[in-house]
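Just so you know, we're using numbering that gives the first Met the number 0 here: the sequence shown kicks off at 0 and counts up by one.
By construction, the Cβ of each residue, glycine as well, lies at the ideal position given by its N, Cα and C atoms.
Nothing here was measured: the structure is a model prediction, and the numbers come from that model.
First up is the structure itself, then whatever we jot down about it.
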Amino acid sequence: MAYIVGLIVLLVLTGVYVIFLNRTAKRKNERSGMNSKVISMESHRRAKHSSGEQLCSSCKKKNGKLIFYAQDNGTVVGLCKDCKAQAKKRDMLPL
Ligand SMILES: [Zn+2]
């Protein structure tokens with residue numbers, strides 16, 4: 000009987016240990032996920048600078064050179080010549 004109780008305790012401890020390991024692994028993944036997000040932002044920024052042809056923030060099309068505007072909330076959007084009129088309507092400041 001004592002043997003069975005010992006076995007159950009061992010199983011429970013193993014279960015707890017596995018859960019604990021999973022949690023720490025998850026936490027590590029979250030942290031590395033944050034890091035990869037930072038890296039992707041960096042590469043995104045680099046891609047923005049290097050590529051001549053960029054997608055318009057409004058119509059999402061490659062429509063020649065973009066004009067960048069600052070929005071009221073502080074974000075910057077790149078608009079093609081077709082969407083320029085929208086920016087003017089919204090009183091956005093060209094950068
Ligand atoms: Zn556009």
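Buried versus exposed, by CB contacts within 10 Å (16 or more), residue i
i, result
"M0", "exposed"
"C58", "exposed"
"A24", "exposed"
"S49", "At S49, the pLDDT of 48 sits below 50, so the modelled position is not reliable; the number obtained from the coordinates is stated separately. Looking at its Cβ environment, which holds fewer than 16 other Cβ atoms inside 10 Å, S49 is exposed."
"A86", "buried"
"L65", "buried"
Those residues which DSSP pairs with residue i across a bridge
i, result
"Y16", "Note: Y16 sits in no beta bridge, so no partner."
"I66", "L78"
"K61", "L54"
Proximity test, residue i beta-carbon vs ligand 1 heavy atom, cut-off 6 Å
i, result
"D81", "yes"
"N21", "no"
is_contact[residue i, chain B] using C-beta, thresh 7 Å
i, result
"G77", "Protein chains in the displayed structure number just one, and chain B is not present."
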